[in-house]
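K.L.:
The numbering used here applies: residue 44 is where the sequence shown begins, and numbers increase by one. Even glycine gets a Cβ: it sits at the ideal position worked out from N, Cα and C. This structure is a prediction, so every number in the text was calculated from the model and none was measured. I'd like to ask some things about the structure below.
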Amino acid sequence: MYKMLLIGILSLHGLFTALSADAPQEDKDKVNARIQKLTNAVNQGNVDTILSFWTDDAVFVKPTTGETLEGKKVLQPFFQKVEKEIKERGLQFAFTISSIDFPDADTAIVQGVTEITDKNKGLLQRNARSIELAKKNGDWFIDRVSEIEVPPPPPVIAHLKELDWLIGNWIDSDEDVTITFKTEWDKFKNFIIQRFKMDVYGLDALEGIQIIGWDPIENTFRSWVYDSDGGFGSGLWSKKGDGGWQVALDYVLSDGTKASAKNIYTKIDDKSYSYASIDRKVGDKALPNVEPVTVEKEE
């Protein structure tokens, strides 16, 4: 399935990149208006109006499944079924245009995203769509649609919001060492990504990345850390009685030596939190604790 999806995406990408963007603004405006009218017709549930936007031998194809519908006689029962479901479930259809290109004067290619939402359940379905339109008698009609389903990301943010106070740029410094942290959401807010950097006397000494996500098996947060020295590790988070978090970290150094520690994060206010590290160990050797230090948010 993933291979088929990739092939479908690459074939569409090759099509889009081959197109020319040179076209009269009037044609772009007409195509945009045409697509918006079609979207309105779908939400109004008028199948006859929907079909009026298509050429008689139009094709609707889903590359990943191989399903192909050709001609208005075949498309009509398909749209009737879709419209019935939209009406019965009270769904809303939307199409967002990302590009309009013209390979020639009488052909337009529209690329965008379709979304079906439920007012109570939110986004239900999202598809990447390519629409080819043909110009006939001064107006634009849909001649071919290719659509690939792109499932919306699961709403993991509901769990991760408990750590959203970490988002931002932070710094911990003294006269010798400065450590900076840039913490942000990933695109779909399913992970918190923290990039860190340590300078010693102004010299770059270490940098790395920590990724924090939700572990549905352990029902808590889990993090993964990678540093520029070649070390990597993972941590399991647990909540402390004072509202802070303790991370049981298992680490592997670049030479294969195992290390471990318990890192503690405690929010002080919106602009600061404390960090400490206890029970530190490298190989068989115990290391002294890192007593709590205050990390401050940069403006």
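Indicate the three-state DSSP secondary structure (helix, strand or coil) for Thr-223 in the structure shown.
P.N.:
Here residue 223 corresponds to residue number 180 of the sequence shown, with the count starting at 1. Note: Thr-223 maps to strand in three-state DSSP.
K.L.:
When the Cα atoms are used, what is the spatial distance from Gly-299 to Gly-273?
P.N.:
Residue numbering aside, residue 299 sits at position 256 when the sequence shown is read from its first letter. Residue numbering aside, residue 273 sits at position 230 when the sequence shown is read from its first letter. One C-alpha to the other measures close to 10 Å.
K.L.:
Among Phe-234, Phe-138, Ala-137, Val-153, whose alpha-carbon lies nearest the alpha-carbon of Asp-144?
P.N.:
Sequence index remark: in the sequence shown, residue 144 carries index 101 (1-based). When only C-alpha atoms are compared, the closest one is Val-153.
K.L.:
Tell me which same chain residues have a C-beta within less than 6 Å of the C-beta of Asn-332, skipping the five on either side of it?
P.N.:
For this step, residue 332 is matched to residue 289 along the sequence shown. Closer than 6 Å at the Cβ level, and outside the excluded window around Asn-332, lie Ile-321.
K.L.:
Please classify Asp-298: does DSSP put it in a helix, a strand, or coil?
P.N.:
The count along the sequence shown starts at 1 and reaches residue 298 at position 255. Asp-298 falls in the coil class under three-state DSSP.
K.L.:
Hey, how far is the Cα of Lys-232 from the Cα of Lys-116?
P.N.:
For this step, residue 232 is matched to residue 189 along the sequence shown. For this step, residue 116 is matched to residue 73 along the sequence shown. Approximately 43 Å between the Cα atoms of the pair.
K.L.:
So, with DSSP's three-state summary, where would you put Lys-179?
P.N.:
Residue mapping note: residue 179 aligns to position 136 of the sequence shown, counting from 1. Strand at Lys-179.
K.L.:
Exposed or buried, which one is Gly-278 when buried takes at least 16 other CB atoms within 10 Å?
P.N.:
Taking the first residue of the sequence shown as position 1, residue 278 is located at position 235. That one is buried.
K.L.:
Relative to the alpha-carbon of Asp-149, which residue among Asp-186, Leu-203, Asp-247, Leu-118 has its alpha-carbon at the smallest distance?
P.N.:
By one-based count along the sequence shown, residue 149 stands at place 106. Of the listed residues, the one whose Cα sits closest to Asp-149 is Asp-186.
K.L.:
If you follow the alpha helix (DSSP H) that Ile-78 is part of, which residue opens it and which one closes it?
P.N.:
In the sequence shown, residue 78 corresponds to position 35, counting from 1. 68-87 is the span of the alpha helix (DSSP H), which, as asked, contains Ile-78.
K.L.:
At a cut of 8 Å, does the region 168-188 reach the region 198-217 through at least three beta carbon pairs?
P.N.:
Verdict: no, contact absent.
K.L.:
Expressed to the nearest angstrom, what Euclidean distance is found between the alpha-carbon atoms of Glu-334 and Tyr-318?
P.N.:
For the purposes of this step, residue 334 is taken as residue 291 along the sequence shown, with counting starting at 1. For the purposes of this step, residue 318 is taken as residue 275 along the sequence shown, with counting starting at 1. Near 8 Å, if we compare the C-alpha coordinates of Tyr-318 and Glu-334.
K.L.:
Which residues does DSSP list as the beta-bridge partners of Leu-112?
P.N.:
Against the sequence shown, residue 112 aligns to sequence position 69. In DSSP, Leu-112 forms a bridge with Phe-103.
K.L.:
Can you tell me whether DSSP reads Leu-206 as helix, strand or coil?
P.N.:
Residue 206 sits at position 163 when you count from the first residue of the sequence shown. Helix at Leu-206.
K.L.:
Should Ile-214 be labelled buried (16 or more other beta-carbon atoms within 10 Å of its own) or exposed?
P.N.:
In the sequence shown, residue 214 corresponds to position 171, counting from 1. Classification of Ile-214: exposed, given that the 10 Å Cβ count is below 16.
K.L.:
If you draw a straight line from the alpha carbon of Met-241 to that of Asp-217, how long is it in whole angstroms?
P.N.:
Within the sequence shown, the letter at position 198 stands for residue 241. Within the sequence shown, the letter at position 174 stands for residue 217. Their Cα atoms are separated by approximately 12 Å.
K.L.:
Within a Cβ cutoff of 7 Å, which residues of the same chain sit near Tyr-269, ignoring the five residues on either side of it in sequence?
P.N.:
Counting from 1 along the sequence shown, the entry for residue 269 is found at position 226. Cβ within range, chain order: Gly-251, Ile-252, Phe-275.
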